[in-house]
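Just add 1 to the spot in the sequence shown (first one is 1) and you have our numbering.
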Amino acid sequence: MSRRSGVTDILWGNIEDENSWERYRALARTVDGGLCQWDENGHIVVVDEDFRSITGYPGEELAGTHISTLFDDAGVATIDDMLASQSEDEPVVETAVDIRAVDGNAVPCTVRVSRIPPAEDATEDEPDGVLCFVREQGVDSTAGSERIPEQEQESEPGRESEPTTESEAESSLETIAESGPVSTPEPTASEADRASADSIKAALNGASIGAIVIDDNAKIRWLDETAEAYLGLERESVLGRPKRTVVEEQLADRIVEPASFVSRVGRGGDDGSSGDSEDKNKIEDENEEKHGNEREERHSDTPADTERNDREDEQITVETVSDDYLEFKLVDDRGERWLEYQSKSIKTGPYAGGRVEFYDDITERKRSQGKLKKSQEAFNTLVDTITEYAIFQLDEDGRVISWNEGARQTKGYKRNDILGQHFSVFYTDEERAANVPKRNLQIALETGSVEDEGWRVRKDGSQFWADVTITPVRDADGTHQGFLKVTRDMTDRRNRERELETELQRVFDRVSDALYAVDNEFRFTLVNDRAEELLGYPEADLLGERLWDVFPSSAEIDEIWDAFHTARDEQVPTDYELYYPRLGFWVEANLYPSETGISVYFRDVTDRKQREQELEESKQRYRTIAEYFPNGVVTLFDHDLEYTLAAGQGFEMIREEPSEIEGSNVADVWNPETRETIKPILRSALEGDEQSVEFCHDDREWILYAVPVTDSEGTVFAGMTMAHDITERKENQRKLEETVAQLEESNNRLEQFAYAASHDLQEPLRMISSYLQLLERRYSEAFDEDGEEFLEYAIDGAERMRRMIDGLLAYSRVETRGDPLEPVDLDDVFANVREDLQLQIGETNAELTVTEDGLPRVQGDANQLRQVFQNLLENALEYSGNDQPRIHVDAESRFRDRRREWVISVHDEGIGIEPSDQERVFEVFERLHNLGEYPGTGIGLALCQRIVERHGGEMWLESEPGEWTTMSFTLPAA
Numbered sequence: 002m003s004r005r006s007g008v009t010d011i012l013w014g015n016i017e018d019e020n021s022w023e024r025y026r027a028l029a030r031t032v033d034g035g036l037c038q039w040d041e042n043g044h045i046v047v048v049d050e051d052f053r054s055i056t057g058y059p060g061e062e063l064a065g066t067h068i069s070t071l072f073d074d075a076g077v078a079t080i081d082d083m084l085a086s087q088s089e090d091e092p093v094v095e096t097a098v099d100i101r102a103v104d105g106n107a108v109p110c111t112v113r114v115s116r117i118p119p120a121e122d123a124t125e126d127e128p129d130g131v132l133c134f135v136r137e138q139g140v141d142s143t144a145g146s147e148r149i150p151e152q153e154q155e156s157e158p159g160r161e162s163e164p165t166t167e168s169e170a171e172s173s174l175e176t177i178a179e180s181g182p183v184s185t186p187e188p189t190a191s192e193a194d195r196a197s198a199d200s201i202k203a204a205l206n207g208a209s210i211g212a213i214v215i216d217d218n219a220k221i222r223w224l225d226e227t228a229e230a231y232l233g234l235e236r237e238s239v240l241g242r243p244k245r246t247v248v249e250e251q252l253a254d255r256i257v258e259p260a261s262f263v264s265r266v267g268r269g270g271d272d273g274s275s276g277d278s279e280d281k282n283k284i285e286d287e288n289e290e291k292h293g294n295e296r297e298e299r300h301s302d303t304p305a306d307t308e309r310n311d312r313e314d315e316q317i318t319v320e321t322v323s324d325d326y327l328e329f330k331l332v333d334d335r336g337e338r339w340l341e342y343q344s345k346s347i348k349t350g351p352y353a354g355g356r357v358e359f360y361d362d363i364t365e366r367k368r369s370q371g372k373l374k375k376s377q378e379a380f381n382t383l384v385d386t387i388t389e390y391a392i393f394q395l396d397e398d399g400r401v402i403s404w405n406e407g408a409r410q411t412k413g414y415k416r417n418d419i420l421g422q423h424f425s426v427f428y429t430d431e432e433r434a435a436n437v438p439k440r441n442l443q444i445a446l447e448t449g450s451v452e453d454e455g456w457r458v459r460k461d462g463s464q465f466w467a468d469v470t471i472t473p474v475r476d477a478d479g480t481h482q483g484f485l486k487v488t489r490d491m492t493d494r495r496n497r498e499r500e501l502e503t504e505l506q507r508v509f510d511r512v513s514d515a516l517y518a519v520d521n522e523f524r525f526t527l528v529n530d531r532a533e534e535l536l537g538y539p540e541a542d543l544l545g546e547r548l549w550d551v552f553p554s555s556a557e558i559d560e561i562w563d564a565f566h567t568a569r570d571e572q573v574p575t576d577y578e579l580y581y582p583r584l585g586f587w588v589e590a591n592l593y594p595s596e597t598g599i600s601v602y603f604r605d606v607t608d609r610k611q612r613e614q615e616l617e618e619s620k621q622r623y624r625t626i627a628e629y630f631p632n633g634v635v636t637l638f639d640h641d642l643e644y645t646l647a648a649g650q651g652f653e654m655i656r657e658e659p660s661e662i663e664g665s666n667v668a669d670v671w672n673p674e675t676r677e678t679i680k681p682i683l684r685s686a687l688e689g690d691e692q693s694v695e696f697c698h699d700d701r702e703w704i705l706y707a708v709p710v711t712d713s714e715g716t717v718f719a720g721m722t723m724a725h726d727i728t729e730r731k732e733n734q735r736k737l738e739e740t741v742a743q744l745e746e747s748n749n750r751l752e753q754f755a756y757a758a759s760h761d762l763q764e765p766l767r768m769i770s771s772y773l774q775l776l777e778r779r780y781s782e783a784f785d786e787d788g789e790e791f792l793e794y795a796i797d798g799a800e801r802m803r804r805m806i807d808g809l810l811a812y813s814r815v816e817t818r819g820d821p822l823e824p825v826d827l828d829d830v831f832a833n834v835r836e837d838l839q840l841q842i843g844e845t846n847a848e849l850t851v852t853e854d855g856l857p858r859v860q861g862d863a864n865q866l867r868q869v870f871q872n873l874l875e876n877a878l879e880y881s882g883n884d885q886p887r888i889h890v891d892a893e894s895r896f897r898d899r900r901r902e903w904v905i906s907v908h909d910e911g912i913g914i915e916p917s918d919q920e921r922v923f924e925v926f927e928r929l930h931n932l933g934e935y936p937g938t939g940i941g942l943a944l945c946q947r948i949v950e951r952h953g954g955e956m957w958l959e960s961e962p963g964e965w966t967t968m969s970f971t972l973p974a975a
């Protein structure tokens, strides 16, 4: 790497000259942050110690590397845009950019860049270099004032005659930058010193930091262009004048709170000779009185307010008592601006006993602080506006330290009545005796949160059913600060659920027919007494069992199979009538589908069938009535729409009587709305069609079936209707739908909470990890063996926590952040995963094979399926034991519920899984081995199972401990 005089030497002078280098280092330490210079091609020339401290790179490791080592593509593009947008009016641009540290972590920083002015003897085609000033975000800006060491003097430095002109002041700048002891200077600076002084001037102007030099007589001897611009001063009018005079005459009328500013900034030399100590003490007393009154006036209702006010008071104290640092507001024709003032004494050279002052524009930073404060206030206001939830904080011991309006309405306590009390006051006597409150806090600390439902006690002694979540609160370094408790009154919902269960039971008890219900997988969910009697099994033996497993021969009868699958898949009522040998009688069944399953009303119609066999064609109408009558109102009508028969228990629920119906025309019986609803399907029945319609009559809901009645030759000679009262069923269905919707909404909220919690935990965890690694790098040699072991445990624990949070974040995003399901080639997905795991496969010498026919195309989310394969293959490699891993992946096609799907299996010959543990492996954060044996978070298989379930599939395992394990899952065919 070349260091051309037009690029490198123009800033630093002769880098090989030790004196010039020391001058640069002294200057760099006065700037709040790190410095870095690179050439026009982006290759780093030199960095200072603070820059290396921020990035973590040791020694000269960065020299000669490209800036892309430190900035990602977006960061490099931002810097290029900053340099392109520079002008003579604004030669320096500032922005926020992440810098990539040596450990790979991103360090948020404020970055200023400026092109380095070319050397006086540089040719036009020589490229400019770039100077970069970096300040780590979140670091106290006053820290920079401590970077100039107070070096001890071996002998009293020589003193030059006082420079009186601007050029003479500038020629002495190299002495200011020189922080070490010097001998009596020569009257004329060397050429190298002159180049160094020029470069220091250029660096100060380029860094957008204003600088003013004050001699030991408190007179201004030099200021740069940035200081002129920031303070609105003209160089000719201030050089050689006392600093205090300039401040009082030219600055004070433009400064907010000028008295404090004049007292502290208007002083002169290192001993403050031009400052009025009495005025200074008076101003400090006034400031303290002012801020003290502000503190007394602020009344905090919550610990969060108290903590925030304490931080504000702490900031006021720093600004008030520090002579070397001040933040002040300046108002002029450019508007309101916040400036930062820093001052350091000059120990050697012609201005020994004087001071060098730096001014920086911090307007944007102050605005950001204001926005943050408003955001916090808005959050506190939001919490108080939420009245549906009781939201409050507990200290580490469980005592209440904050209280929102929702908590007052839910629990009945006013803020002053409850603050300081232990939260166990909300629990029943039985739960307090069982130590439930303490146990809940302990579980929350161990697991990250605890959820609970149960009875809670209000102030007046009444009880309510509560849904409670307790989450530990930790500060930035992970120290436990207390708990956040969120409670919602769920009494109404619980009562509605109990009422719904009671009403459903009453409905079932009133049903005279045999009734059973199955879910969409045809598993029994309900069996009434009559059904128990006819089926020959008690309800307890049937619940949860599949219909086809209990009665396998029924699956071979097309009428039964088709009736159930048509009802479920098409959501239409179906029925069948047949002799079933297993039961030994004729079965008449009517199937009524819903979103959650099928209700089956059936009866033994053997006697009727026997009678029908004895009846002649004249009895055909009665046979038809018996075949189609489930329950309710049954009628027969002729081609003139005149009723010839009306009967059924349903007449007990309506105003009309059977005697009024028989012999009357449809147009003369029902009200207009009912008449216009049923007439079309009655005529359809006479034309040979079977139809149904739902309608309301006499404040009840009905379903009416109209069917043709035929003779032995199939000629339609009449019609029949069957009206079934479905009021209770429809009401139960609506309540069930509402309950499902509420549960889905609750689940969505829980997923959003898990995502927010895990996402918000990443930032403090990243900080913990970074500082632990920094501690390891810097001070590992200072630890004894125990200290090194403790540090290693801390770093390992932080890393495991990061992986667990990442896993929890991925788990919560399965439903909300997945891509749409579309045709996916699993061979391509598997090939990508295999390439990602190539290093691990090579290290373990694993044998990985796939079925000869390859993997199929399925309907799925390619990214999520890639995660499933990667987790399963990593587990197979990890748990292979001491033998060479042998893994085989195959696929098998099958039909389930008459739809094609693929069973994908990953088989390994590893350590296997005990039968008692085979269900546990799919639970979140469930591990079968300790970390010393096998690493991991315990969330991998749970994530896989949730992804498969999102695809409508299922996942299971088979294993022989010590021999093999096969993980299988199903996916829909494309």
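Glycine included, each C-beta is placed from N, C-alpha and C at the ideal position.
Here R818 is exposed, its C-beta having fewer than 16 other C-beta atoms within 10 Å. Contact fails between the region 564-575 and the region 707-714, because fewer than three Cβ pairs, one in each stretch, are under 8 Å apart.
Here H481 is exposed. Its C-beta has fewer than 16 other C-beta atoms within 10 Å. Excluding five sequence positions before and after A445, the CB atoms of its chain that fall closer than 7 Å to its own CB belong to V451, I471, T472, P473 and F484, given in chain order. In this structure, T488 lies near F427, with their beta-carbon atoms less than 9 Å apart.
When the beta-carbon positions are compared, F638 and G720 come within less than 9 Å of each other.
The three-state reading of DSSP puts H952 in coil, since its state is none of H, G, I, E or B. Annotation for T722: T636, L705 and A707 place their beta carbon closer than 6 Å to its own, counting only its chain and skipping 5 residues before and after. Spanning the alpha carbons of N846 and Q839 requires a straight line of approximately 10 Å. L516 sits away from A541, with the two beta carbons spaced by 9 Å or more.
Leaving aside the five residues that flank Q841 on each side, the residues in its chain whose CB is nearer than 7 Å to its CB run, in chain order, L878. Within the region 534-614, complete beta strand (DSSP E) segments of at least 3 residues are found at 575-581, 586-595 and 598-605, given in chain order.
Burial check for E823: the Cβ neighbour count within 10 Å stays below 16, so the residue is exposed.
With contacts defined as CB atoms closer than 9 Å, E848 and I888 qualify as a contacting pair. N441 is the residue among F552, T79 and N441 whose C-alpha sits nearest the C-alpha of G449.
Ranking D49, M83 and G76 by CA distance to the CA of L63 puts D49 first.
Judged by their CB atoms, A518 and V401 are not nearer to each other than the 9 Å cut-off. In the DSSP assignment, I392 is bridged to V487. Counting C-beta atoms within 10 angstroms of its own C-beta, A668 has fewer than 16 neighbours from the protein chains shown and is therefore classed as exposed. Y517: member of the beta strand (DSSP E) spanning A515 to D520, first to last residue. Of all alpha-carbon atoms in R730, V108, E95 and E498, the one lying nearest the alpha-carbon of I80 is that of E95. Closest in alpha carbon position to H640, among V670, S685 and M956, is S685. Cβ contact annotation for D216 (same chain, cutoff 6 Å, sequence separation greater than five): R222, Y352 and G355, in chain order.
Distances from the alpha-carbon of L584 to those of E258, N496, Y880 and V551 put V551 closest. The residues F393, R416, I419 and L420, in chain order, have a CB closer than 7 Å to that of W404 in the same chain once the five nearest residues on each side in sequence are set aside. Put simply, of I68, I210 and D51 the residue whose alpha carbon is nearest the alpha carbon of R113 is I210.
By DSSP's assignment, I256 forms a beta bridge with L331. At a Cβ-Cβ threshold of 9 Å, T966 and I914 count as neighbours.
In this chain, the beta strand (DSSP E) harbouring L224 covers I221 to L224. In the DSSP assignment, L442 falls within the alpha helix (DSSP H) that extends over V437 to T448.
W456 is positioned such that its CB atom lies closer than 9 Å to that of T429.
Assignment of Q87 by DSSP, reduced to helix, strand and coil, places it in the coil class. The secondary-structure analysis by DSSP pairs V635 across a beta bridge with A648 and M723. Rounded to whole angstroms, the separation of the alpha carbons of A102 and P109 is 10 Å. Around the beta-carbon of S86, fewer than 16 other beta-carbon atoms lie within 10 Å, marking it exposed.
Residue environment for A435: exposed (fewer than 16 other C-beta atoms within 10 angstroms of its C-beta).
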